[in-house]
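Line by line, the protein sequences give chains A and B. Numbers given in my numbering equal positions in the first sequence, counted from 1, plus 790. Numbers given in my numbering equal positions in the second sequence, counted from 1, plus 900.
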Amino acid sequence: MSPPLTPSLEDGERPLVKLIRSTGFKLAALHAVLLVASAVALGGFFWWSTAGYMNRQTDQAIRTEVKLLTARWRDGDGQALAQAIAQRLAEDSDNEEIFLLADETGRIVAGNLDRWPAEAKAEDTWYELALVRDGAPTIGRIFVLDLPDGGRLLVGRDVKQRLELRELVGDAVLYGSGLAVLLAGIGGVLVRRLLQSRIAPVAATASAIGHGDLSRRVPLSGADDDFDRLAETLNAMLDRIGVLMQGVREVSNAIAHDLRTPLARLRGRLEESLSSADPASLRGAVERGIAELDGIIGVFQALLRIAEIEAGARRSAFAGFDAAAVLADAADLYGAAADERGLVLAAALPPSLPMVGDRDMLLQAAANLLDNAIKFTPPGGRVTLAAERRGSEVVIAVSDTGPGIAPGDRPRVVERFYRAEASRATPGSGLGLALVQAVAQLHGGSLLLEDARPGLRAIIVLPAPEPAPEPDRALAPAA
Amino acid sequence: MRILLVEDDKDVARFVTKGLKESGHTVDHATEGREGLFLAASENYDVIVLDRMLPGGMDGLRLLETLRATGAKVPVLFLSALAQVDERVKGLKAGGDDYLTKPFAFTELLARVEALGRRGRSDAPVTRLAVADLEMDLLARSVRRAGRAIELQPREFRLLEFLMRHAGQVVTRTMLLEAVWDYHFDPQTNVIDVHVSRLRQKVDRGFAFPLIHTVRNAGYMLRAEA
């Protein structure tokens, strides 16, 4: 039994636990905390700037009142003060001022409180007390002052409204926070659902691929958002894996199909040689057998090399080198062979062509193209190896005057072991162009096959190293 | 030559040992890394043929690195089933002098072993090579045979130089490709043969006896006698 490949979203956990564990919920909870904190901060600031201001105003007004009344007392006496208080109360249109004057025996002389508050004993002190004013209970902020004649004066303001305001603000903060938590809860569920609806297809695709269905891809929502970016990246990765898997499949098919034939030939030959009594013919059979085996080994090594290149493992061997020198080597190597076949091999190469890549691989790719061109071009023909830098590309072209490749065959000749009908009689493994294509792709380039009218032009287009090494981009004329 | 073969596969070892002995060499055989290192460090060999993957906790790379750390300069040929280009580079970096991948032709192995053994003996730089009536001046880059100057292309010069340095030894096509063209793959056609036959035209045609000989199923040899 293999463990599930993705943590299932539908496992046996209780829904609440799942909700709390979900990323969506955690995000929403964080949001809620921020909302509550900002509600408290806002309420606090609002309270401080309104109620606090009112408080300070009140204190200021009380102090002024105290000053006025003590001045009146000094000018006159207790009687005058009592009159002044009565007058103030009569003028108090807002109905919030509080006065109380007691004589030295504690008897109330003037004011609008029913009795002296029990708590207000100390002199020169601020109190905030529950009072009964004109028969109605209220809350007042008061200042108590002892008069020199033994009497006591109490001045204050009704602050019930202000306290109500404070309560209001407090309630607002409380309810606001509650609402924020509620919204966050709903938001958590919604965000979780949203995230899940975007993540579920990815998980489902990954799970399906894990179970062997490599054709599945993550669907794009079309929203062009981060999730679509992620899906595109994943799909590109899956495409690449698919290509590699396809390559492996093709190679195994090709090996099964194309190595069986030479193996069968080899087996037949060895079997035949067993029945031969003549030592000379026995020796000949064994020698032919070894030659056959060498051919099989060659095919095997070419296959492995292509696989190695396609896996991209060789990219670590990339280095700067002069492609012109490498191609000149290839032209030199094959020049004699072309001569032998009555062909002209012309090289049209720039004095230098800086390139970053795998020198050996590029040499082998060029060699394979030259080898093909020489093999398929009839005597008297011409093979041209040209290379140049074209803007941001390095272009290597091998043209011949041979029969070319039929347009219908061109996409297929780069496949492993594919050999066009016309080339069946020529020796070769059918791997040459597959290797050239693999080398081109390893370097981030491509292999193009064109009609050279007459003949074939095979073009390797590779990205050039940056920056452009020389402004002179003129291609030497085809010799 | 005294040759040490470190190879764990019994059949490969038997057939290599037999072939080398038939060619007139003395062969010691070790089947695992530690034994190989012990022999390599205590005896005097002309060439060591070393498998990469060995049993006994010490592989070919470690063996060679340890041996080279002691200052031993004996030429080493790696013989390995690890055929990837990177593996070859690893082998040469560890101090190997040549790298041959399995499966291999015995003639190829023999030619390379003999080439390595020869190299070990002549350390002094040479400025002049001579085989019979053929002379090569490496400084003036000129070639004469029987007193007659022979004009060679630069690549033909290098080809002849390699053959002359290994005069009397079999030189395989792959050895020529590697040494003269720095090309490390099997070309599908015998491009080398054409180059050698051109060189023959210049070096052998019109002279008393041929110097460049084809060795069947192996390669070429430059030698004075027929």
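Cβ coordinates follow ideal geometry from the N, Cα and C atoms, glycine included.
Report the residue from A:Gly1194, A:Val1116, A:Val1184 and A:Ala1187 whose alpha carbon sits nearest the alpha carbon of Lys1165 of chain A.
-> In the first sequence, residue 1165 of chain A corresponds to position 375, counting from 1. Residue A:Gly1194 is the option with its Cα nearest to Lys1165 of chain A.
Proximity test, Cβ basis, 8 Å: His1095 of chain B and chain A | If you number the second sequence from 1, residue 1095 of chain B lands on position 195. Chain A, which has a Cβ nearer than 8 Å to the Cβ of His1095 of chain B, makes this yes.
Backbone secondary structure at Val1243 of chain A - three-state DSSP = Locating residue 1243 of chain A in the first sequence gives position 453, counting from the first residue. Reading off the sequence, residue 1243 of chain A comes out as Arg, not Val. It is coil, neither helix nor strand.
Give the residues of chain B in contact with Gln1154 of chain A, contact being defined as C-beta atoms less than 7 Å apart.
-> Here the question's residue 1154 of chain A lines up with position 364 in the first sequence. Those are Phe1085, listed as they occur along chain B.
Reduced DSSP secondary structure (H/G/I, E/B, other) of Thr1051 of chain A | As a first step, residue 1051 of chain A is located in the first sequence; it is residue number 261 there, counting from the start. Note: Thr1051 of chain A maps to helix in three-state DSSP.
Leu1063 of chain B and Ile1112 of chain B closer than 8 Å at C-beta | In the second sequence, counting from the first residue as 1, residue 1063 of chain B sits at position 163. In the second sequence, counting from the first residue as 1, residue 1112 of chain B sits at position 212. Yes, the pair counts as a contact, with Cβ atoms nearer than the cut-off.
Can you give the beta carbon distance from Gly933 of chain B to Gly957 of chain B, rounded, assuming they're within the 8 Å contact cut?
-> Your numbering for residue 933 of chain B matches position 33 in the second sequence. Your numbering for residue 957 of chain B matches position 57 in the second sequence. Contact flag correct, Cβ pair sits at about 7 Å.
Using CA coordinates, which residue listed in B:Ser1042, B:Glu1056, B:Met1121 and B:Val985 is at the minimum distance from Thr1001 of chain B?
-> For the purposes of this step, residue 1001 of chain B is taken as the residue at position 101 of the second sequence. Thr1001 of chain B has its Cα closest to that of B:Val985, out of B:Ser1042, B:Glu1056, B:Met1121 and B:Val985.
Cβ pair count under 8 Å reaching 3, the region 1169-1187 of chain A against the region 1131-1149 of chain A | yes
Report, in whole angstroms, the separation of the C-beta atoms of Arg902 of chain B and Asp946 of chain B, which I expect to be a contact under 8 Å.
-> Position 2 of the second sequence, counted from the start, is the residue given in the question as residue 902 of chain B. Position 46 of the second sequence, counted from the start, is the residue given in the question as residue 946 of chain B. Confirmed, about 5 Å.
Kindly list the residues whose CB is nearer than 6 Å to the CB of Arg1098 of chain B, restricted to its own chain and excluding five residues on each side of it in sequence; keep chain order.
-> Looking up residue 1098 of chain B in the second sequence gives position 198. Correct list: empty, nothing qualifies.
Using a threshold of 8 Å, state whether the C-beta atoms of Val790 of chain A and Met1151 of chain A are closer than that.
-> Since the first residue of chain A shown is 791 and the last is 1269, residue 790 of chain A is not available in this structure.
For Gln1091 of chain A, go through chain B and note every residue whose CB falls closer than 9 Å to its CB, in chain order.
-> Sequence index remark: in the first sequence, residue 1091 of chain A carries index 301 (1-based). Near Gln1091 of chain A (Cβ distances below 9 Å), the residues of chain B are Ala983, Thr1001, Phe1085 and Asp1086.
Within 8 Å, strictly: CB atoms of Arg893 of chain A and Gly941 of chain A = Residue 893 of chain A sits at position 103 when you count from the first residue of the first sequence. Residue 941 of chain A sits at position 151 when you count from the first residue of the first sequence. Just to set this straight, residue 893 of chain A is Asp in the shown sequence, not Arg. In this structure, Gly941 of chain A lies closer than 8 Å to Asp893 of chain A by Cβ.
So, is the C-beta of Asp986 of chain B closer than 8 Å to a C-beta in chain A?
-> Working through the second sequence from its first residue, we reach residue 986 of chain B at position 86. For Asp986 of chain B, the answer is yes, since a Cβ of chain A falls inside 8 Å of its Cβ.
Looking at the structure shown, is Tyr999 of chain B part of a helix, part of a strand, or coil, going by DSSP?
-> Here residue 999 of chain B corresponds to residue number 99 of the second sequence, with the count starting at 1. Tyr999 of chain B falls in the strand class under three-state DSSP.
In chain order, what residues of the same chain lie with their CB nearer than 7 Å to the CB of Leu977 of chain A, ignoring the 5 residues before and after it?
-> The sequence position of residue 977 of chain A within the first sequence is 187, counting from 1. Residue 977 of chain A is actually Gly in this sequence, not Leu. Taken in chain order, the residues that qualify are Ala818 and His821.
6 Å CB neighbourhood of Gly966 of chain A in its chain, flanking five on each side removed | One-based indexing of the first sequence puts residue 966 of chain A at position 176. So the qualifying residues of the chain are Ala829.
Where does Pro975 of chain B land, buried or exposed, given buried means 16+ other C-beta within 10 angstroms?
-> For the purposes of this step, residue 975 of chain B is taken as the residue at position 75 of the second sequence. Under this definition Pro975 of chain B is a buried residue.
Nearest neighbour of Leu1034 of chain B, chosen from B:Thr1027, B:Arg1028, B:Val1026 and B:Arg1044 [CA to CA] = To locate residue 1034 of chain B, count along the second sequence from 1; it is residue 134. Measuring from the Cα of Leu1034 of chain B, the nearest candidate turns out to be B:Arg1044.
Reduced DSSP category for Glu800 of chain A - H, G, I as helix; E, B as strand; rest coil | On the first sequence, residue 800 of chain A is found 10 positions in, with the first residue counted as 1. In this predicted model, Glu800 of chain A has a pLDDT of only 48, less than 50, meaning its place in the structure is not dependable enough to derive any value.
Check each candidate in B:Thr1114, B:Pro955 and B:Arg1116 and name the one with the smallest Cα separation from Val906 of chain B.
-> Within the second sequence, residue 906 of chain B is the residue found at index 6, counting from 1. When only C-alpha atoms are compared, the closest one is B:Pro955.
Does the beta carbon of Ile1096 of chain A sit closer than 8 Å to a beta carbon anywhere in chain B?
-> Translated into positions along the first sequence, residue 1096 of chain A becomes position 306. By this cut-off, Ile1096 of chain A is not an interface position.
Burial state of Ile1250 of chain A (16 or more Cβ within 10 Å) = What you label residue 1250 of chain A is simply residue 460 of the first sequence in a count that begins at 1. Answer is buried; the Cβ neighbour count reaches 16.
The region 925-939 of chain A in contact with the region 947-954 of chain A per 3-pair CB rule at 8 Å = yes
At a CB-CB cut-off below 8 Å, which residues of chain A make contact with Arg1012 of chain B?
-> Mapped onto the second sequence, residue 1012 of chain B falls at position 112. Neighbours of Arg1012 of chain B on chain A: none; closest Cβ ~17 Å, over 8 Å.
What are the boundary residues of the beta strand (DSSP E) that Pro768 of chain A is part of?
-> There is simply no residue 768 of chain A to check, as chain A begins at 791 and stops at 1269 in what is shown.
Which bits of chain B does Leu1237 of chain A rub up against, with CB to CB less than 9 Å?
-> Along the first sequence, one-based indexing puts residue 1237 of chain A at 447. By Cβ distance, chain B contributes nothing, its closest Cβ being about 18 Å from Leu1237 of chain A, past 9 Å.
Arg1048 of chain B vs Asp1037 of chain B beta-carbon contact at 8 Å | Locating residue 1048 of chain B in the second sequence gives position 148, where the first residue counts as 1. Locating residue 1037 of chain B in the second sequence gives position 137, where the first residue counts as 1. In this structure, Asp1037 of chain B does not lie closer than 8 Å to Arg1048 of chain B by Cβ.
Complete runs of the alpha helix (DSSP H) confined to the region 1055-1129 of chain A [at least 4 residues] | 1069-1100
Looking at C-beta atoms only, is the number of pairs between the region 980-999 of chain A and the region 806-814 of chain A that lie closer than 8 Å three or more?
-> yes
Which word fits His1066 of chain B, buried or exposed, when buried means at least 16 other C-beta atoms lie within 10 angstroms of its C-beta?
-> Taking the first residue of the second sequence as position 1, residue 1066 of chain B is located at position 166. Per the 10 Å Cβ criterion, buried.
Does any C-beta atom of chain B lie closer than 8 Å to the C-beta of Ile1250 of chain A?
-> In the first sequence, the residue the question calls residue 1250 of chain A occupies position 460. No, no contact with chain B.
Name, in chain order, the residues that DSSP records as bridge partners for Ile948 of chain B.
-> For this step, residue 948 of chain B is matched to residue 48 along the second sequence. Ile948 of chain B pairs with B:Leu904 and B:Val976.
What does Arg1098 of chain B touch in chain A if you count any residue whose Cβ is under 7 Å from its own?
-> Here residue 1098 of chain B refers to the residue found at position 198 when the second sequence is read from its first residue. Residues of chain A passing the Cβ test: Ala1126.
Exposed or buried, Arg897 of chain A, counting other C-beta atoms within 10 Å across all chains shown (16 or more means buried)?
-> In the first sequence, residue 897 of chain A corresponds to position 107, counting from 1. So Arg897 of chain A counts as exposed.
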